[in-house]
Each structure stands twice: as C-alpha cells, then as structure tokens.
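Colleague:
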Amino acid sequence: MLRGLRAVSDFEYEVQLSNLNRAMNPGIESIFLSPDEKYSFISSSIIKDIARHNGELKMFVDDYVEKKLREKVN
426 MLRGLRAVSD
436 FEYEVQLSNL
446 NRAMNPGIES
456 IFLSPDEKYS
466 FISSSIIKDI
476 ARHNGELKMF
486 VDDYVEKKLR
496 EKVN
C-alpha cells in the first residue's frame with residue numbers, strides 16, 4: 426500500500442494503520458513517501474473544499490481528477 430506523509434505528525438497514524446493492515450493480511454506492505462515541500466500543505470480535504478467553492482484546481486490535480494471531483498461535489 427502506498428501512503429503519503431505530509432508531516433511528521435502523519436507518521437504515527439500511518440504506522441498504526443500499517444500495523445493494523447498487516448495484522449489483517451500479512452501480505453500487505455506499506456510504503457511511505459514524502460511530497461515535495463511545495464505540496465506538503467495539500468490534503469484531499471483541502472482539494473475538496475477548493476472544488477466546493479469553485480476554486481482553481483489545475484495546479485493540484487490533473488484534468489480527469491478535476492472533472493470527476495467537480496461532478497461529485499456539485
């Protein structure tokens with residue numbers, strides 16, 4: 426499972442989740458990636474909030490994701 430870590434505070438939660446997943450299925454491995462600093466503030470909640478307020482998303486997501494997200498929130 427590929428997981429992103431935006432901040433050190435995400436790490437503890439993600440390790441707990443990884444351990445839970447492994448307990449349910451020992452074949453599940455977790456890989457953690459950290460984003461480029463310029464994207465470290467972005468979360469799915471923030472992106473959804475921008476979409477709900479008809480804000481500009483092009484700098485954060487590709488066209489397909491933007492289209493599907495706008496369909497969902499509108």
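Numbering (my numbering), first residue to last: 426 to 499.
Backbone N, C-alpha and C define an ideal beta-carbon position, used for all residues, glycine too.
(1) At which residue ranges does the stretch 427-465 contain complete beta strand (DSSP E) runs of 3 or more residues, listed in the order of the chain?
(2) One question on the structure: do R428 and E437 come within less than 7 Å of each other, judged by their Cβ atoms?
(3) If you draw a straight line from the C-alpha of E491 to the C-alpha of P460, how long is it?
(4) When the Cα atoms are used, what is the spatial distance from L442 to N499?
Modeller: Looking at the coordinates:
(1) Runs found: 427-429, 456-458.
(2) For this step, residue 428 is matched to residue 3 along the sequence shown. For this step, residue 437 is matched to residue 12 along the sequence shown. When the beta-carbon positions are compared, R428 and E437 stay at least 7 Å from each other.
(3) Counting from 1 along the sequence shown, the entry for residue 491 is found at position 66. Counting from 1 along the sequence shown, the entry for residue 460 is found at position 35. The straight-line gap from Cα to Cα measures roughly 20 Å.
(4) As a working note, residue 442 is residue 17 in the sequence shown. As a working note, residue 499 is residue 74 in the sequence shown. Separation of L442 and N499 (C-alpha to C-alpha, rounded to the nearest whole angstrom) is 31 Å.
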